[in-house]
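Inspection log for the structure reproduced underneath, given as structure tokens.
In full-length UniProt numbering, the protein residues as written are 1 to 606.
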């Protein structure tokens, strides 16, 4: 049986605490609590580290494409869809965290150690639902992370061009591909502590620069706000926002880097609320100032006049995109290491050399499809919709579809003695001696379920089938069959109780000893044969049925609106970019220039 609450927390943290101590010792961190610069900058695993990682990873180059999406959606739809998809993304991130805790708790009950092994999403699906789900998770997740890395390279080339246009964007892609390949030397998400902190500071600066610069610049002459004007553009913009708040394909890896991963549950929601303070003001201010001009300028930097403030924002975003490239690529590195048998290798250099082949296809794809902006929507519709919305929701439904899987065990009651049976059945008296006469059916059944018995514990012991039925119901929720001639039991897949013929070695039915034996057998079966939930439903939605309804809504909405309509619109727009600029475009959406290095002209003010 899998414990819940604090007991699940202790089970999961046990190995993590050992790993932390070993890693800290290997890094020379003192055990007496003295300050260590290495630990401060390099080695993270706290709740704050996870929050910085989530918030930093969620808003990278997408800050620069959200104004473009607003021009496709219109102001109202842009604001509403950001909030809607932000909350939906937080919900599915919560589901992923619950499934991770469930998978890890089950494995640790089986004695599995995760030392020198990073759990990934496809492994969670495999452990909970089987190999077919593993294959689906592996295919969608890896493809999404591959193109997520491609997008970061494209963004680097697009941004640097607005500081130095002596080189075309394709050449800058070559250069930044080489720079980003150095992320192979970062072992895991433990080691992104300082980078996550700095990355969030960089995106915060950039977001508020966009908002303030647009407000100071004012509206351009003849500005129009015609969005939404076309269905294709509308759903293209909507899927870009779907992509924006679907950046939790690395949630499992971030959780595994935490010392107490079960505390992750609401981190993504809090990170999303902070991200709203960056995306909503910047996108709305840019759309207010430039309107429909953004339809042909997918990078917000292209419409703002060159200044020291803009150059600083460009440089900071370049650094941040390097960090985000590492975030997206690290899970791919892990998958590749496991495939070639290098994942347990302690040598950083050996692992770095093994990882290099992953960078090559990313580099190549960024050169083929340099369509900054439209590629976000295509990835959002075709990959993000399944990876971080549909698959987690369906997985949660299927994992907890049976009553036995949803059953929560809160541990033995404090009065119960576990030394004589597989689950506690005996009342521990004040004289420290076991006594039968102090146990009532109510106390016995609640004792087995980990709840506190109420009322007197000195009533007559159970001696009839009704008492046994109540005790069985206390263990399994409902009873399908209970026969006086039966004594051993088994929990069915649906959580019901079926009983088999009485053995000669079993006490006579109807006696107290028979009842105790019955519950002992049932408890043992339950402990070893039934998978119970490691996490109960959240306080704001305490019903399993309510969770399933929300999950079904997420699946239906994303399947129809995100994948269906969004896929049609984004692929149509993507094909249009190919027809207009061609594959291997040398300089996508580059403005005309009189000579190399000339600053871009500023749009006229209103």
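Yeah, the Cβ is synthetic: ideal placement off N, Cα and C, and Gly gets one too.
Residue i: first and last residue of the uninterrupted alpha helix (DSSP H) it sits in
| i | result |
| --- | --- |
| residue 329 | 308-340 |
| residue 179 | 169-180 |
| residue 96 | 75-109 |
| residue 556 | 544-557 |
| residue 392 | 391-399 |
| residue 685 | No answer is possible for residue 685: the residues shown for the chain start at 1 and end at 606. |
| residue 350 | 348-368 |
| residue 405 | 403-406 |
| residue 536 | Unbroken run through residue 536: none, as it is neither H nor E. |
| residue 577 | 566-581 |
| residue 122 | 121-129 |
8 Å Cβ cutoff met for residue i and residue j
| i | j | result |
| --- | --- | --- |
| residue 94 | residue 128 | no |
| residue 395 | residue 125 | yes |
| residue 577 | residue 371 | yes |
| residue 227 | residue 73 | yes |
| residue 144 | residue 134 | no |
| residue 237 | residue 69 | yes |
| residue 554 | residue 88 | yes |
| residue 389 | residue 564 | no |
| residue 116 | residue 243 | no |
| residue 275 | residue 120 | no |
| residue 298 | residue 65 | yes |
| residue 380 | residue 573 | no |
| residue 48 | residue 271 | no |
| residue 180 | residue 322 | yes |
| residue 362 | residue 584 | no |
| residue 543 | residue 378 | no |
| residue 159 | residue 314 | yes |
| residue 216 | residue 535 | no |
| residue 383 | residue 300 | no |
| residue 192 | residue 44 | yes |
| residue 200 | residue 46 | no |
| residue 547 | residue 287 | no |
| residue 220 | residue 289 | yes |
| residue 258 | residue 97 | no |
| residue 60 | residue 324 | yes |
Coarse secondary structure for residue i, derived from DSSP in three states
| i | result |
| --- | --- |
| residue 47 | helix |
| residue 220 | strand |
| residue 215 | helix |
| residue 134 | helix |
| residue 617 | This structure leaves residue 617 out entirely; the chain is present only between 1 and 606. |
| residue 59 | coil |
| residue 587 | coil |
| residue 234 | helix |
| residue 190 | helix |
| residue 291 | helix |
| residue 386 | helix |
| residue 163 | coil |
| residue 116 | coil |
| residue 371 | coil |
| residue 281 | helix |
| residue 67 | helix |
| residue 614 | There is no way to answer for residue 614, as the model of the chain reaches only from 1 to 606. |
| residue 201 | helix |
| residue 149 | helix |
| residue 562 | helix |
| residue 141 | helix |
| residue 299 | coil |
| residue 53 | helix |
| residue 196 | helix |
| residue 229 | coil |
Discussion item. Which complete alpha helix (DSSP H) runs does the stretch 243-274 hold, if anything under 4 residues is left out?
Written reply: 251-256
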